[in-house]
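J.:
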Amino acid sequence: ALDPKDLAYANLSIREHGDGVAVVTLDRPEKRNALDVATIEELIAFFTSARRIGVRAVVLAGAGDHFCAGLDLVEHWKADRSPDEFMHVCLRWHEAFNKMEYGGVPVIAALKGAVVGGGLELASAAHIRVMDATTYFALPEGQRGIFTGGGATIRVSDLVGKARMIDMILTGRVYQGQEAVDLGLAQYLVEGSSFDKALELAEKIAANLPLTNFAICSAISHLNNMSGMDAAYAEAVVAGVVNTQPAARARLEAFANKTAARVRPNG
Ligand code: 1HE
Numbered sequence: 001a002l003d004p005k006d007l008a009y010a011n012l013s014i015r016e017h018g019d020g021v022a023v024v025t026l027d028r029p030e031k032r033n034a035l036d037v038a039t040i041e042e043l044i045a046f047f048t049s050a051r052r053i054g055v056r057a058v059v060l061a062g063a064g065d066h067f068c069a070g071l072d073l074v075e076h077w078k079a080d081r082s083p084d085e086f087m088h089v090c091l092r093w094h095e096a097f098n099k100m101e102y103g104g105v106p107v108i109a110a111l112k113g114a115v116v117g118g119g120l121e122l123a124s125a126a127h128i129r130v131m132d133a134t135t136y137f138a139l140p141e142g143q144r145g146i147f148t149g150g151g152a153t154i155r156v157s158d159l160v161g162k163a164r165m166i167d168m169i170l171t172g173r174v175y176q177g178q179e180a181v182d183l184g185l186a187q188y189l190v191e192g193s194s195f196d197k198a199l200e201l202a203e204k205i206a207a208n209l210p211l212t213n214f215a216i217c218s219a220i221s222h223l224n225n226m227s228g229m230d231a232a233y234a235e236a237v238v239a240g241v242v243n244t245q246p247a248a249r250a251r252l253e254a255f256a257n258k259t260a261a262r263v264r265p266n267g
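Right under this line is the structure:
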């Protein structure tokens with residue numbers, strides 16, 4: 001079990017659900033979970049420590065009807081920041097989202113309502129996105145007179161392609177429903193609760209070996225940043241470590257002994 005003192009935050013509510021599955025909830029529903037400086041610092045703290053404190057998978061959710069309204073526009077307006085100050089705000093966002101994407105702990109985002117601006121940047125740093133009938137995606141930055149600063153130019157472009165990302169930020173276009181899945185904004189669209197589905201996926205994923213999940217949720221992103229030659233080499237090195245881990249031997253033996261489940265088509 002995780003130590004409750006490792007899970008005490010103010011703007012995040014964190015509880016353990018099942019063996020090593022941490023449910024991390026953005027907990028400012030009265031502000032539609034807008035990302036202020038304090039929340040970003042808590043995301044950095046949690047995702048920096050997640051693997052060390054024994055977290056095996058994370059469900060990332062939002063309290064209330066909306067996942068996340070993006071940058072706290074009121075805090076930003078009141079602070080009247082200098083360019084240098086806002087650059088450093090953005091660097092902290094990148095620290096948080098890079099810790100998520102490259103940290104080696106699977107993150108499954110349970111999306112509902114608005115997933116907009118920085119909320120979409122946050123969601124796109126997760127490894128799996130689950131949406132429901134209420135979920136909608138947009139980049140309102142163009143309309144607000146600002147620009148993305150939390151990685152949308154990289155991660156949202158990766159999900160939907162550069163041309164669609166440019167259209168989203170130029171026009172404020174909203175994507176929802178099956179179309180959003182078809183474009184790659186989410187991998188799952190459920191009729192019921194995205195949270196229940198995300199939790200089901202997290203529990204299944206947490207049963208994988210942690211070193212295997214580490215490779216999947218860290219190495220793949222790193223490898224994608226490399227040249228093809230370097231990526232193939234590094235993939236071999238990662239596989240050398242992961243595929244010979246002692247903990248994998250029992251699973252391989254079960255396959256050899258015909259006691260392990262076979263891969264079958266969906267019934
Ligand atoms: C906020 C924020 C926010 C709500 N910052 N306070 N993001 C946006 O442009 C989206 C802005 N938000 C909205 O469009 C809507 O609020 C929602 C669609 C998300 C929700 O609508 P609704 O009708 O449920 O709520 P509301 O009445 O608009 O807001 C409720 C409260 O949340 C209200 O505060 P109150 O004190 O007056 O009650 C709102 O001010 C507050 N609130 N969203 C601050 N975003 C690193 S660069 C990233 C750049 C961006 O992310 S830009 C995109 C910003």
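For the sequence shown, my numbering assigns the number 1 to the initial residue and increments by one for each residue that follows.
Backbone N, C-alpha and C define an ideal beta-carbon position, used for all residues, glycine too.
Treat the numbers as computed from the prediction; the structure is a model and nothing was measured.
Among the candidates Arg164, Val21, Glu42, whose CA atom is the shortest distance from the CA of Tyr9?
T.: Nearest option by C-alpha distance: Glu42.
J.: For a test of your reading of the model: does the CB of Thr134 fall under 7 Å from any non-hydrogen atom of the ligand 1HE? Yes or no.
T.: No, the beta carbon of Thr134 sits no closer than 7 Å to any heavy atom of the ligand 1HE.
J.: Whole angstroms are fine: how far does the CA of Val130 sit from the CA of Phe195?
T.: Each residue's Cα considered, the two are about 8 Å apart.
J.: Enumerate in chain order the residues of its own chain whose CB-to-CB distance from Ala202 is below 6 Å, with the five nearest sequence positions on each side excluded.
T.: Excluding residues within five positions, the ones whose Cβ falls inside 6 Å are Val21, Ala57, Val59, Ile108.
J.: Leu71 bridges to which residues according to DSSP?
T.: The partner list for Leu71 (beta bridge, DSSP) reads Leu35.
J.: Exposed or buried, what is Leu252 when buried is set at 16 or more other beta-carbons lying within 10 Å of its beta-carbon?
T.: By the neighbour-count rule (16 or more Cβ atoms within 10 Å), Leu252 is not buried but exposed.
J.: From Asp167 to Leu183, what does the alpha carbon distance come to, in whole angstroms?
T.: If you take the alpha carbons of Asp167 and Leu183, they lie about 13 Å apart.
J.: Take the Cβ of Ser227 as the centre, count every other Cβ of all protein chains shown within 10 Å, and call the residue buried at 16 or more, exposed below.
T.: Ser227 is exposed by the Cβ-count criterion.
J.: Going straight from the alpha carbon of Glu65 to that of Leu71, what length do you get?
T.: For clarity, residue 65 is Asp in the given sequence; the question names Glu instead. Spanning the two alpha carbons is a distance of roughly 17 Å.
J.: May I have a chain-ordered list of the alpha helix (DSSP H) segments no shorter than 4 residues that lie completely inside the region 167 to 198?
T.: Correct list: 177 to 183.
J.: Tell me the residue span of the beta strand (DSSP E) that contains Glu16.
T.: Taken as a continuous stretch (DSSP letters only), the beta strand (DSSP E) holding Glu16 covers 12 to 16.
J.: Give me the Cα-Cα distance between Lys162 and Thr153, rounded to the nearest whole angstrom.
T.: Going by the C-alpha atoms only, they are around 8 Å apart.
J.: To the nearest angstrom, report how far apart Asn208 and Arg144 are at their CA atoms.
T.: Roughly 43 Å between the two C-alpha positions.
J.: At what residue ranges does the region 77 to 145 contain a whole run of the beta strand (DSSP E), taking only runs of 3 or more?
T.: Taking only runs of at least 3 residues, the beta strand (DSSP E) segments lying wholly in the region 77 to 145 are 107 to 110, 114 to 116, 128 to 131, 136 to 138.
J.: To the nearest angstrom, how far is the alpha carbon of Asn270 from that of Asn11?
T.: Since the first residue of the chain shown is 1 and the last is 267, residue 270 is not available in this structure.
J.: Tell me the DSSP secondary structure of Gly150 in three-state form.
T.: Three-state DSSP puts Gly150 in coil, outside helix and strand.
J.: On the DSSP bridge list, what partners appear for Leu60?
T.: Leu60 pairs with Val24, Ala109.
J.: Since I believe Tyr136 is in contact with Val174 (beta carbons under 8 Å), could you give me their beta-carbon distance rounded to a whole number of angstroms?
T.: About 5 Å separates the two Cβ atoms, so the contact holds.
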